[in-house]
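Visitor: So the sequence shown is numbered by the UniProt record's numbering: it starts at 1 and just counts up by one.
The beta carbon of each residue, even a glycine, is placed where N, CA and C say it ideally should be.
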Amino acid sequence: MTEEEFEYLQSDVARELIERYIGCEPTRVALATRSAVIATQIKNLNKCRHKLPSYYAARCIVPTISYEQSSSEQTAAVKDFSGSLAVDLTLGLGVDSLYLAKRFDRVIAVEIDPLRAAIARYNFAKLNVTNVEVVNGSAEEFLANFDSRADLIYIDPCRRGAGGESLYAVQQCAPNVVELLDVLRAKSRRVIIKLSPLFDVAQTYKIFGEDAACEVVTLDDECKEVLVHIATGGTDNQLKVTAIRDGRVVMNNFTREDVGYRGGKIAVDAQYICVADVGFYKSRTVEALMRGQGGYRFEGGYLFTEQPPCNFCGRVYRIEQAMPYDPKMLRSRFPRAIVHKRDFPYDTDKLGIKQGGAVHLFFAQRAAQPTVFLVTLHK
Numbered sequence: 001m002t003e004e005e006f007e008y009l010q011s012d013v014a015r016e017l018i019e020r021y022i023g024c025e026p027t028r029v030a031l032a033t034r035s036a037v038i039a040t041q042i043k044n045l046n047k048c049r050h051k052l053p054s055y056y057a058a059r060c061i062v063p064t065i066s067y068e069q070s071s072s073e074q075t076a077a078v079k080d081f082s083g084s085l086a087v088d089l090t091l092g093l094g095v096d097s098l099y100l101a102k103r104f105d106r107v108i109a110v111e112i113d114p115l116r117a118a119i120a121r122y123n124f125a126k127l128n129v130t131n132v133e134v135v136n137g138s139a140e141e142f143l144a145n146f147d148s149r150a151d152l153i154y155i156d157p158c159r160r161g162a163g164g165e166s167l168y169a170v171q172q173c174a175p176n177v178v179e180l181l182d183v184l185r186a187k188s189r190r191v192i193i194k195l196s197p198l199f200d201v202a203q204t205y206k207i208f209g210e211d212a213a214c215e216v217v218t219l220d221d222e223c224k225e226v227l228v229h230i231a232t233g234g235t236d237n238q239l240k241v242t243a244i245r246d247g248r249v250v251m252n253n254f255t256r257e258d259v260g261y262r263g264g265k266i267a268v269d270a271q272y273i274c275v276a277d278v279g280f281y282k283s284r285t286v287e288a289l290m291r292g293q294g295g296y297r298f299e300g301g302y303l304f305t306e307q308p309p310c311n312f313c314g315r316v317y318r319i320e321q322a323m324p325y326d327p328k329m330l331r332s333r334f335p336r337a338i339v340h341k342r343d344f345p346y347d348t349d350k351l352g353i354k355q356g357g358a359v360h361l362f363f364a365q366r367a368a369q370p371t372v373f374l375v376t377l378h379k
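1. Please list the terminal residues of the continuous beta strand (DSSP E) segment that includes Leu219.
2. Can you check whether the C-beta of Arg149 is within less than 8 Å of a C-beta belonging to chain D?
3. Using three-state DSSP, classify Pro26 as helix, strand or coil.
4. Kindly indicate the opening and closing residues of the alpha helix (DSSP H) around Thr40.
5. Among Val316, Asp105, Arg189, which has the Cα closest to the Cα of Gly234?
6. Looking at C-beta atoms only, is the number of pairs between the region 153-165 and the region 125-138 that lie closer than 8 Å three or more?
7. Suppose the cutoff is 6 Å on Cβ atoms and the five residues either side in sequence are ignored; what does the same chain contact list for Tyr302 look like?
8. Ignoring anything shorter than 3 residues or poking outside the region 78-147, list the beta strand (DSSP E) runs there in chain order.
9. Going by beta-carbon coordinates alone, are Leu195 and Ser72 separated by less than 8 Å?
10. Under 8 Å: do the region 275-282 and the region 301-320 share three or more Cβ pairs, one atom per stretch?
11. Residues in the same chain with beta-carbon distance under 6 Å from Leu227, minus the five sequence neighbours each way, listed in chain order, please.
12. At the level of alpha carbons, what is the spacing between Asp182 and His50?
13. Pick helix, strand or coil for Ser188, following the three-state DSSP scheme.
14. What is the residue span of the alpha helix (DSSP H) that Lys328 lies within?
15. Assuming Val201 is part of the beta strand (DSSP E), what are its boundary residues?
16. Considering Cα atoms alone, identify which of Cys310, Glu306, Val259 is closest to Ala288.
17. Hey, quick one: how far does the alpha helix (DSSP H) through Thr64 stretch, first residue to last?
18. According to DSSP, which residues form a beta bridge with Val372?
19. Classify Val275 as helix, strand or coil using the three-state DSSP reduction.
20. Can you tell me whether DSSP reads Lys341 as helix, strand or coil?
21. If we ignore side chains and look at the alpha-carbon of each, how far apart do Ser54 and Leu85 end up?
22. Helix, strand or coil for Leu167 per DSSP?
23. Measuring straight from C-alpha to C-alpha, what distance separates Ala57 and Leu45?
24. Rounded to a whole number of angstroms, what is the C-alpha to C-alpha distance between Glu16 and Ile112?
25. Let's test the definition: count the other Cβ atoms within 10 Å of the Cβ of Glu225 and tell me whether it reaches 16, buried, or not, exposed.
26. Indicate the three-state DSSP secondary structure (helix, strand or coil) for Tyr205 in the structure shown.
27. Would you tell me roughly how many angstroms separate the C-alpha atoms of Gln307 and Lys282, rounded to the nearest one?
28. Which residue's Cα is closest to the Cα of Ser332: Gln10, Gly352, Asn252?
29. Taking only the alpha-carbon atoms, compute the straight-line gap between Ile42 and Val29 and give it to the nearest angstrom.
30. Between Gly263, Val177, Asp105, which lies nearest to Val132 when the distance is taken from Cα to Cα?
31. Pick helix, strand or coil for Arg160, following the three-state DSSP scheme.
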């Protein structure tokens with residue numbers, strides 16, 4: 001988005017067009033208004049309806065790149081710390097600052113790009129947020145001149161290079177949070193660093209120190225955020241999985257020793273297949289989740305149990321039939337099915353089974369044998 005486009009989108013003419021065509025297909029909007037700017041803005045606002053409902057309702061100005069890089073309101077809402085002063089060092093679209101403002105008396109939001117900073121100020125006014133101060137500058141410059149101590153500093157380093165390429169190493173992202181760690185610790189009682197969903201949680205302590213903790217945040221069974229927490233005096237939990245499923249928030253706390261935990265229990269007569277929320281696979285705590293749940297076996301990427309586990313954070317399927325992996329038989333019997341597989345040695349796409357329908361098939365290794373399970377959803 002250019003400065004000229006931003007100025008136009010604030011005009012009465014643009015606001016009236018957006019209100020008239022909101023919810024319409026972008027192609028229709030472009031033909032009706034002869035304005036690519038209006039069409040793009042309506043397209044972005046329509047996307048906000050579910051991911052950023054507050055921005056949609058307030059008809060905020062939403063640049064495409066800022067939308068793509070933003071947190072969702074659901075994941076922003078689970079950052080439930082509170083206090084007097086919070087600092088967001090990487091404002092962007094401002095979703096995390098919006099939710100910090102609900103719990104902190106005052107928020108300072110730092111944005112290196114002057115246009116994004118101006119858009120954020122405009123949007124906060126539309127959202128009736130009055131306790132966020134937007135500062136235009138780099139995180140490094142702000143920290144060098146910040147002579148107070150915040151209750152919380154939040155930072156989401158940019159994971160895109162100058163050419164738009166994805167950056168995966170923490171030290172490659174901007175700002176370089178590893179270089180800033182000592183300053184961050186000195187300037188705040190708690191620091192939250194948002195990392196790529198691809199970040200290996202086992203690297204948390206090697207990169208950020210023994211006082212760090214890690215939180216995996218998922219939304220509808222998709223890993224959205226990996227958060228590193230650093231707090232004065234240490235954090236309450238070394239590892240946390242926060243799963244947002246079906247509108248509910250489920251939190252599970254673990255220790256570092258739980259990562260890769262193997263229970264060694266064997267389900268003698270497995271009747272159910274349990275698929276934990278992706279956050280437990282990401283944090284390698286699937287078996288730790290099963291403590292106290294009775295007999296089970298974790299094999300081929302799935303939990304096989306004798307009874308459906310209590311309060312299980314995931315999906316539970318009842319096994320109706322187990323059969324050997326026979327491509328010819330499967331192709332003939334199941335022209336359409338929902339296929340599930342983890343750690344399976346064969347390419348199930350070659351079976352020609354169309355994805356969909358009401359039938360669920362699990363492809364898994366059991367006792368080193370490729371096996372197919374016909375199941376029904378238990379919960």
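Guide: Quick look at the numbers:
1. Your numbering for residue 219 matches position 219 in the sequence shown. First-last of the beta strand (DSSP E) with Leu219: 212-219.
2. In the structure shown, chain D does not exist; there is a single protein chain.
3. As a working note, residue 26 is residue 26 in the sequence shown. Three-state result, Pro26: helix.
4. Here residue 40 refers to the residue found at position 40 of the sequence shown. Taken as a continuous stretch (DSSP letters only), the alpha helix (DSSP H) holding Thr40 covers 36-51.
5. Taking the first residue of the sequence shown as position 1, residue 234 is located at position 234. Among Val316, Asp105, Arg189, the Cα nearest to that of Gly234 belongs to Arg189.
6. The region 125-138 and the region 153-165 do not touch, with fewer than three beta-carbon pairs separated by less than 8 Å.
7. Indexing the sequence shown from 1 puts residue 302 at position 302. For Tyr302, the CB contacts under 6 Å within the same chain, skipping 5 residues up- and downstream, are Ile273, Ala364 in chain order.
8. Listed in chain order, the beta strand (DSSP E) elements of length 3 or more contained wholly in the region 78-147 are 83-88, 104-111, 132-136.
9. Indexing the sequence shown from 1 puts residue 195 at position 195. Indexing the sequence shown from 1 puts residue 72 at position 72. Result no, Cβ atoms of Leu195 and Ser72 do not sit closer than 8 Å.
10. Taking a cut-off of 8 Å on C-beta distances, the region 275-282 touches the region 301-320, as three or more cross pairs fall below it.
11. Here residue 227 refers to the residue found at position 227 of the sequence shown. Only Ile192, Lys194, Glu215 meet the Cβ criterion.
12. In the sequence shown, the residue the question calls residue 182 occupies position 182. In the sequence shown, the residue the question calls residue 50 occupies position 50. Cα-Cα distance, rounded: 38 Å.
13. Counting from one through the sequence shown, the residue named residue 188 turns up at place 188. Of the three classes helix, strand and coil, the one that applies to Ser188 here is strand, per DSSP.
14. Here residue 328 is taken as the residue at index 328 of the sequence shown, counted from 1. 327-333 is the extent of the alpha helix (DSSP H) around Lys328.
15. Translated into the one-based positions of the sequence shown, residue 201 becomes position 201. Looking at the DSSP string, Val201 is not in any beta strand (DSSP E), and its letter there is neither H nor E.
16. For the purposes of this step, residue 288 is taken as residue 288 along the sequence shown, with counting starting at 1. The candidate whose alpha carbon is nearest that of Ala288 is Val259.
17. As a first step, residue 64 must be located in the sequence shown, where it is residue number 64. Boundaries of the alpha helix (DSSP H) harbouring Thr64: 64-69, taken from the DSSP string.
18. Against the sequence shown, residue 372 aligns to sequence position 372. Per DSSP, the beta bridge partners of Val372 are Met323, Phe363.
19. Here residue 275 corresponds to residue number 275 of the sequence shown, with the count starting at 1. Assignment of Val275 by DSSP, reduced to helix, strand and coil, places it in the strand class.
20. The sequence position of residue 341 within the sequence shown is 341, counting from 1. In the structure shown, Lys341 sits in a strand (DSSP, three-state: E or B).
21. For the purposes of this step, residue 54 is taken as the residue at position 54 of the sequence shown. For the purposes of this step, residue 85 is taken as the residue at position 85 of the sequence shown. Each residue's alpha carbon lies about 23 Å from the other.
22. Residue numbering aside, residue 167 sits at position 167 when the sequence shown is read from its first letter. Of the three classes helix, strand and coil, the one that applies to Leu167 here is coil, per DSSP.
23. Position 57 of the sequence shown, counted from the start, is the residue given in the question as residue 57. Position 45 of the sequence shown, counted from the start, is the residue given in the question as residue 45. Their backbone Cα atoms lie some 9 Å apart in a straight line.
24. As a working mapping, residue 16 is identified with position 16 in the sequence shown. As a working mapping, residue 112 is identified with position 112 in the sequence shown. Computed Cα separation, rounded: 31 Å.
25. In the sequence shown, residue 225 corresponds to position 225, counting from 1. Per the 10 Å Cβ criterion, buried.
26. Working through the sequence shown from its first residue, we reach residue 205 at position 205. Tyr205 falls in the helix class under three-state DSSP.
27. One-based indexing of the sequence shown puts residue 307 at position 307. One-based indexing of the sequence shown puts residue 282 at position 282. Taking C-alpha positions only, Gln307 is separated from Lys282 by approximately 25 Å.
28. Here residue 332 is taken as the residue at index 332 of the sequence shown, counted from 1. The shortest Cα separation from Ser332 among Gln10, Gly352, Asn252 belongs to Gly352.
29. Stepping through the sequence shown from its first residue, residue 42 is reached at position 42. Stepping through the sequence shown from its first residue, residue 29 is reached at position 29. In a straight line, the C-alpha of Ile42 is about 8 Å away from that of Val29.
30. Here residue 132 corresponds to residue number 132 of the sequence shown, with the count starting at 1. Ranking the options by Cα distance to Val132, first place goes to Asp105.
31. Position 160 of the sequence shown, counted from the start, is the residue given in the question as residue 160. If DSSP states are grouped into helix, strand and coil, Arg160 belongs with the strands.
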